[in-house]
Amino acid sequence: MNFHFHNILGGSKRTSLLKKNIAASIFIKGISILSSLLLVPLTLDYVNKELYGIWLTLSSIVVWINFFDIGLTLGLKNRLTEALTTHDYARGKSLVSTTYFMMLAIFIPVSIVVMLLIPFINWPELLNVPTIYNKDIQIVLYLLVIFMTIQMFFNVLNTVVSAYQKTAMASLFAMLGQLLSLLLIFILTRTTPPSLIGLAFAISLSPIVVLIIFSRILYTSSFKEISPSYKYIDLKQIKDLFNLGIKFFIIQIQVIVLYQSTNIIISHISGPEAVSQYNIAYKYLGISTMIYNIILTPLWPAFTDAYALKDYTWMNRIYKKMCLVYSIVLFGIIILIALSPYLYYFWVGDKIEIPFEITLCLGIFLAVNSWDSLQVYMINGVGAIKLQTYVVLIGLIFHIPLALFLGNKMGTIGVILSMTCINLIYSVIFTTQINKILKHKAHGIWNK
């Protein structure tokens, strides 16, 4: 079989840009994943597996704040891509400026409310951890809320980068943030005793520093024509962003409930050590989807561009070739599952034991989720997301009760099974939708 990866996406001008993003992202993401893998044993050297599990759960809780952007950044991605395609830089500058303004207007009051609520929750009982951690948990949550608010503001840059179809650059930001975290935690292991607060500073502050530096650089050079300015804030643009953004908002809530609640549910049912097991297995198996996710990320703005120009031939060709990439991902998942007992020991030693059943169930989930992601990225690029806003209510309504029910009977495996079942339903519906769109047979809600 003569398989050449560099040929898999064809050779049009749009595809050439995709290839450049993919080639750069593979290198950058490779370093990023390596640093992420190194971060696990280094963190377990700094704090024990219980504290690591608590940290993972707390950081998941704060991610819930993300959905308060009402999908504006995802709406911006599509609208800004359209503006750049038509070289309407004045509209682009207005969209970017208004989005930054709205991030401040939304997240400052939301963060204040969240911080006021923190002292009134019994965190040790909720997370199934000893009460001696209560004070540290509250301090870490205050820090995470502050850092998350700042990061959400500067994260608009990632959306702008995606609209310019320079997604490799966004991968660079993430990689540099992880390398900085790695350096800071290494310093902490040599200079300070184990601390959740120290861990929060090292991991949460790093990406903000990177985004601030690159915002300054890019908005005075490559992105100067659409750099944010208070003079270009136009509240009339909010409606345009909101009309598309509110649909993404509903989808975002579901994503957070379906994925970010998992750590909380597992911690509540089985304790923080089980959270560590789940996350380490997830990071390990995520290696198999690295290149796949690198390709998916630039597909969103590329499909927006292609759909705006009604280039169905290109979209159909890419979809067929991405199905081939997916088959390679499946093979990678199977190999990693088979080798997991040996590679876990090589990676984290005897610091923590990962049950094979968790790895197997997560592998099945990732196989289903990866197929679903392919459909969703293309549908999001086209902008036909009305059906998605209804379908994701399945996860929004049923995941937590189903995960609690199955989790109480089967532990961590039950929680993973809940996510798998819901993603399987999504996959069937969204595969039908994207095929209808690509074959010009999408009518009514299938094309809205």
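Note that the sequence shown covers residues 3 to 450 in my numbering. For every residue, glycine included, the Cβ atom is placed at its ideal position computed from N, Cα and C.
Identity of the residue in the options nearest residue i by Cα
| i | options | result |
| --- | --- | --- |
| L213 | A204, T193 and G179 | G179 |
| S290 | G351, S272, I337 and S34 | I337 |
| L53 | A26, E84 and P274 | P274 |
| I427 | V370, F407, I187 and Y379 | V370 |
| I469 | L129, K450 and F333 | Shown here, the chain extends from 3 to 450; a query on residue 469 therefore has no answer. |
| T299 | T434, P209 and M171 | M171 |
| L181 | L40, S61 and P303 | L40 |
| I240 | G94, I114 and S372 | G94 |
| I108 | F155, I139 and N124 | F155 |
| L301 | M380, S223 and I354 | M380 |
| L287 | N318, I366, E355 and M412 | I366 |
| N265 | G416, K238, Y91 and I424 | G416 |
| M104 | K238, I339, Y144 and H89 | K238 |
| V163 | V350, T83, E355 and P209 | T83 |
| I297 | L376, M421 and I399 | L376 |
| G116 | V158, Y346, L143 and E359 | Residue identity check: residue 116 is Val in the sequence provided, not Gly. Ranking V158, Y346, L143 and E359 by Cα distance to V116 puts L143 first. |
| P357 | G351, S342 and L368 | S342 |
| L398 | M421, K79 and I35 | M421 |
Secondary structure of residue i, DSSP reduced to three states
| i | result |
| --- | --- |
| F225 | coil |
| K386 | Looking at the sequence shown, residue 386 is not Lys but Ala. A386: coil per DSSP, three-state reduction. |
| E460 | Shown here, the chain extends from 3 to 450; a query on residue 460 therefore has no answer. |
| P111 | helix |
| V98 | helix |
| Q377 | helix |
| E355 | coil |
| K323 | helix |
| I237 | First, the amino acid is wrong: residue 237 is Leu here, not Ile. Coil, per DSSP. |
| P121 | helix |
| K441 | coil |
| P274 | helix |
| H401 | helix |
| K79 | helix |
| D47 | helix |
| V394 | coil |
| T422 | helix |
| S197 | coil |
| I131 | This sequence places Val at residue 131; Ile is not what is there. It is coil, neither helix nor strand. |
| Q167 | coil |
| K31 | helix |
| G365 | helix |
| P126 | helix |
| K137 | helix |
Span separating the alpha-carbon of residue i from that of residue j
| i | j | result |
| --- | --- | --- |
| I320 | T87 | 20 Å |
| V98 | D236 | 10 Å |
| T193 | I134 | 23 Å |
| L207 | I148 | 10 Å |
| I30 | F122 | 42 Å |
| K285 | L106 | 32 Å |
| V430 | P132 | 43 Å |
| D313 | A26 | 26 Å |
| Q167 | L174 | 14 Å |
| M150 | L118 | 16 Å |
| I335 | E227 | 43 Å |
| K450 | Q435 | 11 Å |
| I110 | G77 | 20 Å |
| L11 | Y328 | Confidence at L11 is low in this model, with a pLDDT of 46, below 50, so its placement is unreliable and the value that follows should be read with caution. Each residue's alpha carbon lies about 13 Å from the other. |
| N410 | H401 | 14 Å |
| Y294 | I339 | 18 Å |
| Q279 | T222 | 44 Å |
| K322 | F333 | 18 Å |
| Y141 | I114 | Just to set this straight, residue 141 is Ile in the shown sequence, not Tyr. Approximately 15 Å between the Cα atoms of the pair. |
| F69 | W125 | Residue confidence for F69 is low, a pLDDT of 49 falling below 50, so the modelled location carries little weight; the figure read from the coordinates is stated next. Using only the alpha carbons, I get a separation of about 22 Å. |
| L406 | V393 | 21 Å |
| W448 | V158 | 30 Å |
| I378 | M317 | Ile is not the amino acid found at residue 378; the sequence shown has Val there. Between V378 and M317, the C-alpha separation is close to 14 Å. |
Cβ-based burial, residue i [other Cβ within 10 Å; buried from 16]
| i | result |
| --- | --- |
| V211 | exposed |
| C325 | exposed |
| T161 | buried |
| D374 | buried |
| H445 | exposed |
| K200 | One detail in the question is off: residue 200 reads as Gly in this sequence, not Lys. Per the 10 Å Cβ criterion, buried. |
| Y48 | buried |
| A204 | buried |
| I439 | buried |
| H442 | exposed |
| K51 | buried |
| I187 | buried |
| Y344 | exposed |
| G351 | exposed |
heavy atom of the ligand GDP below 7 Å from residue i C-beta
| i | result |
| --- | --- |
| S37 | As presented, the structure is devoid of all ligands, the ligand GDP included, so that no description of it is given. |
TODO: Jot down the residue ranges of each uninterrupted alpha helix (DSSP H) in the region 288-325, minimum 4 residues, whole runs only, in chain order.
DONE: 292-310
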